[in-house]
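J.: Shown below is the structure under consideration.
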Amino acid sequence: MTAQTPRWIRNFVDGHFIDPDDGGKSFDAIDPATGLAHARVHEADAPLVDRAVTAARKALGPWSATAVRERTEVLRRAADLIEARFDEFVAAEVADTGKPVALARDLDVARAVANFRTFADIVAAAGQESFLTDLPGGRHALNYAVRKPLGVVAVIVPWNLPLLLLTWKVAPALACGNTVVVKPSEETPGTAALLAEVLAEAGLPAGAYNVVHGFGGGSAGEYVTTHPGIDGVTFTGSTATGAHVMRTVAPRVRPVSFELGGKNAALVFPDADLEETLDGLTRSVFANTGQVCLCTERVYVHRSVFADVADGLVERARSLRLGSPLDPATTTGPLISQAHRQKVRGYLDLAGELGAKVLTGGGTPALGTELDGGSWIEPTLWTGLTNADRPVREEIFGPVAALIPFDTEDEAVALANDTDYGLAASVWTRDLRRGHRVAQAMNVGMSWVNTWFLRDLRSPFGGVGLSGLGREGGASSLHFYTEPTNVCVQL
Ligand code: NAD
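In this note's numbering, the protein residues as written are 902 to 1392.
In structure tokens:
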């Protein structure tokens, strides 16, 4: 990109992309693999956010009155159009995140398509609660709940899985008849803007999907969440920001859904299939360079297999290929930004000061000139840390994990649950009873047995403790994105 010919990523309000005005603020979209700007982003100011909320309010009546069949057809067409422009979406996601092209294809963009199709199916098939109430004398009353859209929903999403998380919220929100004002992460504005084109072409009316770009406090994020015209907020991001947004929304008592941070555990029992476990752990620790809220950063391993698991995981970590995201052989991209790398490096230093043994990684790789300016970090594994240490207690959000031995199942469960977070866990064992028992004992929203990040979009997703509030997915999404009115008729 040159200074003379920037590629603009624009705000989308009331069915139109807004051309940046001369006096308006803007910022660079950085490619994390190189550190170079690849586009310029128009930052929405408070009046533009107000226009977006007003447009969403205006579109709400007509869109919510549209037949479910028509609404879900718009979603299905959106899925088809994402597929038709698949490579464009992949390119936009890779440019913003630096993630390997294979990952963007197989995970991010594929899931965006699945989100639209699945929520179209779920909403089309949804029934409603009804109860026949016994009354004296053999008479009855009929209770039924009519589900109405929540209204204008603010959708705030992070940078790690930008399109996946955006469509995870936008698809059910629109299917339920809501209109949305979307605030993508300042790090990853590209695919939200592309999605505006797709939804318009799919037949979504003007104003039903609006995108405002910018940062959090003193910028678009704050303007959206403090706007009195917002009927609910669905937020995915860090725990600290989530707590702040909750305080912001509290005076107006609006529904909120919070998918926040994690400090997820894996528990490896002596009877686990070693190869399958190592493959699973490699994914769960290092996928997306550790930047998935579900990623494992604590690996508890039975002492009898500790050395085998540690050796196998080190070997696999060393075989990961860092490099250009566009190279199909690349498995591991950079961290999202220099600021985030600074944070992760802080934990690498701290672990060293605490006496951790670095089994592999621990530093910054040298990848060659083209990628020199990128925010790269080595996949890192530690031993010698305990649950008392900050690198084992705090979410790092990088390709790092601490390996900690245990002797009994009770001890493993206690160690895994000894955390302020509660998002996900994975249990590795061939003992069926133990698998169920331990998975259920985890104080988390999602427990996996012999797998990780295997999702059925009809099942509930979310966390407890510092990991969030509420659930989305399947019926849980329908509950969040609608408000019931119960009608009681004496028969
Ligand atoms: P973040 O909290 O910094 O930002 C998330 C979003 O909130 C961004 O769009 C940001 O601009 C916006 N924001 C920041 N301050 C705001 C404010 N004052 N008002 C309104 N909006 C504001 O998070 P991040 O660094 O982008 O993402 C990483 C975090 O997200 C990690 O903690 C990760 O665990 C979490 N995450 C959770 C899930 C989940 O489903 N539980 C999924 C993915 C990521």
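Yeah, the Cβ is synthetic: ideal placement off N, Cα and C, and Gly gets one too.
Just so it is clear, the structure is predicted and the values come from calculations on it, not from any experiment.
Just to confirm, are alanine 979 and leucine 1100 a CB contact at a threshold of 7 Å?
T.: In the sequence shown, residue 979 corresponds to position 78, counting from 1. In the sequence shown, residue 1100 corresponds to position 199, counting from 1. Yes, the Cβ-Cβ distance between alanine 979 and leucine 1100 is below 7 Å.
J.: Distance, Cα to Cα, glutamate 989 vs aspartate 946?
T.: In the sequence shown, residue 989 corresponds to position 88, counting from 1. In the sequence shown, residue 946 corresponds to position 45, counting from 1. Looking at the two C-alpha atoms, the distance is approximately 28 Å.
J.: Please list, in chain order, all residues of the same chain as glycine 1269 whose beta carbon is under 6 Å from its beta carbon, the five residues on each side excluded.
T.: Walking along the sequence shown from the start, residue 1269 turns up at place 368. Excluding positions up to five away in sequence, the list is empty.
J.: Taking DSSP as the reference, what is the three-state secondary structure of phenylalanine 1298?
T.: For the purposes of this step, residue 1298 is identified with residue 397 of the sequence shown, where counting begins at 1. Reduced to three states, the DSSP call for phenylalanine 1298 is coil.
J.: Shorter than 6 Å, the distance from the beta carbon of valine 1134 to the closest heavy atom of the ligand NAD, or not?
T.: To locate residue 1134, count along the sequence shown from 1; it is residue 233. Checking the Cβ of valine 1134 against the ligand NAD gives no.
J.: Between which residues of its own chain and threonine 903 is the CB-CB distance below 8 Å, once the five residues before and five after are set aside?
T.: For this step, residue 903 is matched to residue 2 along the sequence shown. Residue placement at threonine 903 is poorly supported in this model, since its pLDDT is 46, which falls under 50; the coordinates still yield a value, given next. Cβ neighbours of threonine 903 beyond the five flanking positions: none.
J.: Give a single yes or no on whether proline 1152 has its beta carbon closer than 6 Å to a heavy atom of the ligand NAD.
T.: Walking along the sequence shown from the start, residue 1152 turns up at place 251. Checking every heavy atom of the ligand NAD against the Cβ of proline 1152, none is found closer than 6 Å.
J.: For aspartate 1290, which of Leu1249, Ala1326, Thr955 and His1114 has the nearest alpha-carbon?
T.: Working through the sequence shown from its first residue, we reach residue 1290 at position 389. Per the Cα distances, Leu1249.
J.: Does DSSP put glycine 1191 in a helix, a strand or coil?
T.: What you label residue 1191 is simply residue 290 of the sequence shown in a count that begins at 1. In the structure shown, glycine 1191 sits in a helix (DSSP, three-state: H, G or I).
J.: Within the same chain, show all residues whose beta-carbon is closer than 7 Å to that of glutamate 1177, passing over the 5 residues directly before and after it, in chain order.
T.: The residue given as residue 1177 occupies position 276 in the sequence shown. Once the five neighbours on either side are set aside, the close Cβ partners of glutamate 1177 are Asn1351.
J.: Report whether the distance from the Cβ of isoleucine 1131 to the nearest heavy atom of the ligand NAD is below 6 Å.
T.: For the purposes of this step, residue 1131 is identified with residue 230 of the sequence shown, where counting begins at 1. Not so, every heavy atom of the ligand NAD lies at least 6 Å from the Cβ.
J.: Could you spell out the range, first to last residue, of the alpha helix (DSSP H) harbouring glutamine 1029?
T.: Looking up residue 1029 in the sequence shown gives position 128. It is not in any alpha helix (DSSP H) - glutamine 1029 carries neither H nor E in the DSSP assignment.
J.: Verify whether the separation of the beta carbon atoms of proline 1280 and alanine 1218 is less than 7 Å.
T.: Working through the sequence shown from its first residue, we reach residue 1280 at position 379. Working through the sequence shown from its first residue, we reach residue 1218 at position 317. Taking 7 Å as the Cβ cut-off, proline 1280 and alanine 1218 qualify as a contacting pair.
J.: What's the gap between the Cα of valine 1113 and the Cα of threonine 955?
T.: Position 212 of the sequence shown holds residue 1113. Position 54 of the sequence shown holds residue 955. Their Cα atoms are separated by approximately 13 Å.
J.: Could you check if glycine 1138 belongs to the surroundings of the ligand NAD, using beta carbon to heavy atom distance under 6 Å?
T.: Here residue 1138 is taken as the residue at index 237 of the sequence shown, counted from 1. Because some heavy atom of the ligand NAD lies under 6 Å away, the Cβ of glycine 1138 counts as near it: yes.
J.: What do you reckon, is the C-beta of tryptophan 1060 under 6 Å from a heavy atom of the ligand NAD?
T.: Here residue 1060 refers to the residue found at position 159 of the sequence shown. It does: the Cβ of tryptophan 1060 is within 6 Å (strictly closer) of some heavy atom of the ligand NAD.
J.: Between isoleucine 910 and the ligand NAD, is there a pair consisting of the residue's CB and a ligand heavy atom that are separated by less than 6 Å?
T.: Counted from its first residue, the sequence shown places residue 910 at position 9. No, since every heavy atom of the ligand NAD falls outside the 6 Å radius drawn around the Cβ of isoleucine 910.
J.: Short of 6 Å in beta carbon distance, which residues of its chain neighbour glutamine 1239, apart from the five on each side in sequence? Order them along the chain.
T.: Indexing the sequence shown from 1 puts residue 1239 at position 338. Excluding sequence neighbours, glutamine 1239 sits near Ser1276.
J.: Within 8 Å, do at least three Cβ pairs link the segment 1154 to 1172 to the segment 1360 to 1378?
T.: Taking 8 Å as the limit for Cβ pairs, the verdict is that the segment 1154 to 1172 does touch the segment 1360 to 1378.
J.: Using only CA atoms, which one of Leu1066, Pro948 and Gln1029 lies nearest to phenylalanine 1017?
T.: On the sequence shown, position 116 is the one that residue 1017 refers to. The shortest C-alpha separation from phenylalanine 1017 is found at Leu1066.
J.: If distances are taken between C-alpha atoms only, which option among Pro1050, Ala1302, Thr1287 and Gly1104 comes closest to glutamine 1192?
T.: Counted from its first residue, the sequence shown places residue 1192 at position 291. It is Ala1302 whose Cα lies nearest to the Cα of glutamine 1192.
J.: Cβ of lysine 959 within 7 Å of Cβ of glycine 1108?
T.: Your numbering for residue 959 matches position 58 in the sequence shown. Your numbering for residue 1108 matches position 207 in the sequence shown. In contact: lysine 959 and glycine 1108 (Cβ atoms closer than 7 Å).
J.: Where does the unbroken alpha helix (DSSP H) through glycine 1213 begin, and where does it stop?
T.: Locating residue 1213 in the sequence shown gives position 312, counting from the first residue. Residues 1207 to 1220.
J.: Run the CB neighbour count on glutamate 1123, radius 10 Å, all protein chains shown included, and call it buried at 16 or more, exposed below.
T.: Locating residue 1123 in the sequence shown gives position 222, counting from the first residue. Per the 10 Å Cβ criterion, buried.
J.: Span of the alpha helix (DSSP H) holding serine 858?
T.: The structure shown does not extend to residue 858, since the chain is modelled only from 902 through 1392, so no value can be given for it.
J.: Determine, using beta carbons only, whether glycine 1234 and glycine 999 come nearer to each other than 7 Å.
T.: Within the sequence shown, residue 1234 is the residue found at index 333, counting from 1. Within the sequence shown, residue 999 is the residue found at index 98, counting from 1. In this structure, glycine 999 lies closer than 7 Å to glycine 1234 by Cβ.
J.: Determine the contact status of glycine 1078 and proline 1050, defining contact as a CB-CB distance below 7 Å.
T.: Taking the sequence shown and counting its residues from 1, the one referred to as residue 1078 is at position 177. Taking the sequence shown and counting its residues from 1, the one referred to as residue 1050 is at position 149. Yes. Within cutoff.
J.: Curious, which full-length beta strand (DSSP E) runs of at least 3 residues does the segment 1091 to 1175 contain?
T.: Runs of the beta strand (DSSP E) inside the segment 1091 to 1175: 1110 to 1112, 1133 to 1137, 1157 to 1160 and 1165 to 1169.
J.: Quick check: the Cα distance between glutamate 1384 and lysine 1084, rounded to an integer number of angstroms?
T.: Numbered from 1 along the sequence shown, position 483 holds the residue referred to as residue 1384. Numbered from 1 along the sequence shown, position 183 holds the residue referred to as residue 1084. Using only the alpha carbons, I get a separation of about 23 Å.
J.: Skipping 5 residues on each side, what residues in its chain have a beta carbon closer than 7 Å to that of asparagine 1344?
T.: Here residue 1344 refers to the residue found at position 443 of the sequence shown. Cβ neighbours of asparagine 1344 beyond the five flanking positions: Asn1318, Gly1323 and Val1365.
J.: Where does histidine 885 land, buried or exposed, given buried means 16+ other C-beta within 10 angstroms?
T.: Nothing can be reported for residue 885, as the shown portion of the chain is limited to 902 through 1392.
J.: Tell me where the beta strand (DSSP E) around glutamate 1198 begins and ends.
T.: The residue given as residue 1198 occupies position 297 in the sequence shown. Note, glutamate 1198: beta strand (DSSP E), 1197 to 1203.
J.: In whole angstroms, what separates the C-alpha of leucine 1095 from that of tryptophan 909?
T.: Numbered from 1 along the sequence shown, position 194 holds the residue referred to as residue 1095. Numbered from 1 along the sequence shown, position 8 holds the residue referred to as residue 909. Each residue's Cα considered, the two are about 12 Å apart.
J.: If I'm right that valine 1056 touches lysine 1070 with Cβ under 8 Å, what's the distance once you round it to whole angstroms?
T.: Translated into positions along the sequence shown, residue 1056 becomes position 155. Translated into positions along the sequence shown, residue 1070 becomes position 169. Confirmed, Cβ separation roughly 5 Å.
J.: So for glycine 1375, helix, strand or coil by DSSP?
T.: Translated into the one-based positions of the sequence shown, residue 1375 becomes position 474. Glycine 1375: helix per DSSP, three-state reduction.
J.: Kindly indicate which three-state DSSP category isoleucine 1023 falls into: helix, strand or coil?
T.: As a first step, residue 1023 is located in the sequence shown; it is residue number 122 there, counting from the start. If DSSP states are grouped into helix, strand and coil, isoleucine 1023 belongs with the helices.
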